[in-house]
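These notes concern the structure reproduced below.
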Amino acid sequence: MNASNSCSFYDVDNLMKYFQLAIYIPTFIFGFILNVLALWVFCYSLRKWTETSIYMMNLAASDLLLLLSFPFKIHFSSSDKQGPKMLCAFVESIYFVNTYGSIFIITCISLDRYAVIKHPFKAKLFRSPKKALLICCCIWILVWLGSIPVYDFHGTNDQIRCFHNISDESWTAPIIFSLEVFGFLIPLIIVAYCSIQIIRTLLHHRNVEQKTIDHTVCICIIAANLITFVICFTPSHLGIFLQYLVRQHVISDCSMKQNISLFVQIAMCLANINCCLDAICYYFAAKEFRVGTDRSLILKKTTSFGNSSTG
């Protein structure tokens, strides 16, 4: 994250070595366990896949992919030695894939819930597990293709220090504009609007008996998605914008550059906590599926009992 050779970032980078260890090690342990359990529940424990379970399963896969890169990130961050360019770029691209894959999947979850709650009859026409799976495949393709520029972030150097020394040419207006607007601001507006509308609608109808549990669980899923989105992705994108101002020489004061570098690196670390915070969504989603399954079984038993009594 060094912005200029004339301004030393040694103290900032040295401090971040210990901060990253304090964040990444517990995040890796708890996140790995929670996401593996989530994948097992969504893949094998549930009787059928729904749109929400497919989105959650892909979100867990994205988080697990990022977690598997943590050992490399810890190694490169704790060492002052330079690493192979392609290996470093691949590890960095995983961060890009997870960040924007998670953002787009959370956005899809919010849109899906909004359609079901606000337009239930129209939603039946275009919602299905197959379509949800197709949307997730498109998201994966989009974010992997979008990570291609990461491989040129360090210029022509064959040996680089991972997550550092990103060339000034990479901090261009089109790249930063795309990340900030299409990768963050538009999804944030969609998630916030859908979440607020859903929660208002559900709270309005919460007194309806037999739907209280479903409404409460749905509110928790949407609220958890919104909180995760804001906490994890807002600081990091603010940091990217500030770092862009540094690279464009709008901010030239050395002290401010050091503070911005520290803020960016802390924000990037905290953004990775979404691997654990997403587990809150998994819990409420699995609870919703169990409630729905139990209700279906009760309905089937009631129907079969009624038919036998009639016969």
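Whatever position you read off the sequence shown (first residue = 1), add 3 for our numbering.
Glycine residues also receive a C-beta, built at the ideal position from the N, C-alpha and C atoms.
These figures come from a predicted structure and were not determined experimentally.
Exercise. Residue 89: buried (16+ other C-beta within 10 angstroms of its C-beta) or exposed?
Worked result: Here the question's residue 89 lines up with position 86 in the sequence shown. Exposed.
For this session: Just list the alpha helix (DSSP H) runs in the stretch 69-154, keeping only unbroken ones of 4 residues or longer that don't cross its boundaries, in chain order.
Result: 73-81, 88-121, 123-129, 132-149
For this session: Using only alpha-carbon positions, find the residue among 93, 204, 146, 201 that is nearest to residue 155.
Result: Reading the sequence shown from its first residue, position 152 is the one you call residue 155. Looking at the Cα atoms, 93 is the closest of the given residues.
Problem set entry | the stretch 108-120 touching the stretch 49-64, judged by at least three CB pairs closer than 8 Å | yes
Exercise. Does the stretch 115-122 come close enough to the stretch 95-107 that 3 or more CB-CB pairs lie under 8 Å?
Worked result: no
For this session: Tell me where the alpha helix (DSSP H) around residue 265 begins and ends.
Result: Counting from 1 along the sequence shown, the entry for residue 265 is found at position 262. 257-274 is the extent of the alpha helix (DSSP H) around residue 265.
Problem set entry | Reference residue 273; option with closest CA among 236, 207, 73, 248 | Position 270 of the sequence shown, counted from the first residue, corresponds to residue 273. Residue 273 has its Cα closest to that of 236, out of 236, 207, 73, 248.
For this session: Using a threshold of 8 Å, state whether the C-beta atoms of residue 267 and residue 246 are closer than that.
Result: Taking the sequence shown and counting its residues from 1, the one referred to as residue 267 is at position 264. Taking the sequence shown and counting its residues from 1, the one referred to as residue 246 is at position 243. In terms of Cβ geometry, residue 267 and residue 246 form a close pair [threshold 8 Å].
Problem set entry | 8 Å Cβ cutoff met for residue 281 and residue 231 | Your numbering for residue 281 matches position 278 in the sequence shown. Your numbering for residue 231 matches position 228 in the sequence shown. For residue 281 and residue 231, yes; Cβs fall inside 8 Å.
Exercise. Would DSSP call residue 43 helix, strand or coil?
Worked result: Within the sequence shown, numbered from 1, the residue matching residue 43 stands at position 40. Here residue 43 sits in helix by DSSP.
Exercise. Leaving out the 5 sequence neighbours to the left and right, which residues in its chain are closer than 8 Å to residue 212 when beta-carbon positions are compared?
Worked result: As a first step, residue 212 must be located in the sequence shown, where it is residue number 209. Annotation note: pLDDT 48 at residue 212 (below 50); position unreliable, coordinate value reported separately. Closer than 8 Å at the Cβ level, and outside the excluded window around residue 212, lies no residue.
For this session: Locate the alpha helix (DSSP H) running through residue 198, then write down its first and last residues.
Result: Position 195 of the sequence shown, counting from 1, holds the residue named residue 198. Residues 189-207.
For this session: Could you tell me whether the stretch 197-210 touches the stretch 223-230, where touching means 3 or more Cβ pairs closer than 8 Å?
Result: yes
Exercise. Straight-line CA distance for residue 196 to residue 95?
Worked result: Translated into positions along the sequence shown, residue 196 becomes position 193. Translated into positions along the sequence shown, residue 95 becomes position 92. The straight-line gap from Cα to Cα measures roughly 31 Å.
For this session: Determine the burial state of residue 78: buried for a count of at least 16 other Cβ atoms within 10 Å of its Cβ, exposed for fewer.
Result: By one-based count along the sequence shown, residue 78 stands at place 75. By the neighbour-count definition (other C-beta atoms within 10 Å, threshold 16), residue 78 is an exposed residue.
For this session: Give the range of the alpha helix (DSSP H) segment to which residue 156 is assigned.
Result: Walking along the sequence shown from the start, residue 156 turns up at place 153. Residue 156 -> no alpha helix (DSSP H), and no H or E assigned at all.
Exercise. Just to confirm, are residue 71 and residue 42 a CB contact at a threshold of 8 Å?
Worked result: The residue you call residue 71 lines up with position 68 of the sequence shown. The residue you call residue 42 lines up with position 39 of the sequence shown. It is not a contact, given that the beta carbons lie outside the stated cut-off.
Exercise. In terms of residue numbering, what span does the alpha helix (DSSP H) encompassing residue 180 cover?
Worked result: Looking up residue 180 in the sequence shown gives position 177. Annotation for residue 180: the continuous alpha helix (DSSP H) segment containing it runs 176-180.
Exercise. Any idea what DSSP makes of residue 20, helix, strand or coil?
Worked result: Counted from its first residue, the sequence shown places residue 20 at position 17. In the structure shown, residue 20 sits in a helix (DSSP, three-state: H, G or I).
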